[in-house]
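Residue numbers (my numbering), protein chains in the order written: chain A, 61 to 170; chain B, 60 to 174. Below is one structure, written out as structure tokens; comments come after it.
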Amino acid sequence: KNEVEQSPQNLTAQEGEFITINCSYSVGISALHWLQQHPGGGIVSLFMLSSGKKKHGRLIATINIQEKHSSLHITASHPRDSAVYICAVTPFQGAQKLVFGQGTRLTINP
Amino acid sequence: NAGVTQTPKFQVLKTGQSMTLQCAQDMNHEYMSWYRQDPGMGLRLIHYSVGAGITDQGEVPNGYNVSRSTTEDFPLRLLSAAPSQTSVYFCASSYSRDRLPSSLHFGNGTRLTVT
């Protein structure tokens with residue numbers, strides 16, 4: 061079993077829909093990262109969080125440390141949000157080695 | 060600020076050849092790392108460094124070598140390329156606190172094919 065599991069693996073939605081991508085992990089962590097990989101391949105960091113909630117524009121990330129679960133929400137989705145979203149954790153053990161989920165491929169249709 | 064510069068973008072090697080993937084950052088980041096990305100596998104850590112002169116192995120280090128002689132540069136060497144090393148490679152860097160990585164800045168990737 062992977063230490064970091066994302067769901068769903070693939071998600072297709074219509075423009076304007078509210079999107080939720082989930083990330084569950086099985087180890088103790090000091091931080092969780094959400095990354096976005098564009099269709100061209102480039103990867104950007106969206107959020108790094110260790111508790112609570114962070115918001116940037118239409119993106120919201122939440123984390124529940126007790127339940128070992130994080131969600132990434134996109135409000136008023138747009139075709140330009142189409143990308144692969146990747147969850148990664150900084151574990152307490154081996155904290156310098158990030159562990160990545162397999163990614164969620166999101167497609168937003170106009 | 061160029062951010063993280065990774066070269067080359069594409070490379071084709073024959074089995075047994077060696078090559079170096081270059082990674083440079085101009086943000087004075089202490090933490091630098093190399094990943095490979097394969098279909099269905101997600102990103103996997105090859106090697107990382109928490110500062111000049113300090114490197115360590117990640118999840119999949121075999122067949123790869125790194126060095127960190129300066130803060131800016133973190134080259135990845137393939138010693139004797141094998142078809143199993145066909146992949147997309149990403150370099151990333153970040154500030155670190157207590158040698159722990161912060162938000163990662165990624166290079167644009169290198170698509171390597173070994174025939």
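No residue lacks a Cβ here, since even glycine has one placed at the ideal position from N, Cα and C.
Q) Between B/Gly112 and chain A, is there a C-beta pair that is closer than 8 Å? A) no
Q | C-alpha distance - B/Pro142 paired with A/Gly112, whole-angstrom precision | A | 44 Å
Q: Identify, in the order they occur along the chain, each residue of the same chain with its Cβ nearer than 7 Å to the Cβ of B/Pro120, setting aside the five sequence neighbours on each side.
A: Ile105, His106
Q.
With three or more beta-carbon pairs closer than 8 Å as the criterion, would you say the stretch 64-72 of chain B touches the stretch 69-87 of chain A?
A. no
Q: Under 6 Å Cβ to Cβ from A/Ser86, same chain only, skipping five residues before and after it: list those, please.
A: Glu63
Q: Scan the stretch 93-132 of chain B and note each continuous beta strand (DSSP E) run of 3 residues or more that stays entirely inside, going in chain order.
A: 101-110, 113-116, 123-125
Q: Given a cut-off of 8 Å, decide if B/Leu137 and B/Gly122 are closer than it, judged by their beta-carbon atoms.
A: yes
Q. Would you say A/Gly161 reaches chain B, if we count a Cβ-Cβ gap shorter than 8 Å as a contact?
A. yes
(Q) Classify B/Pro160: buried if its beta carbon has 16 or more other beta carbons within 10 angstroms, exposed otherwise. (A) buried
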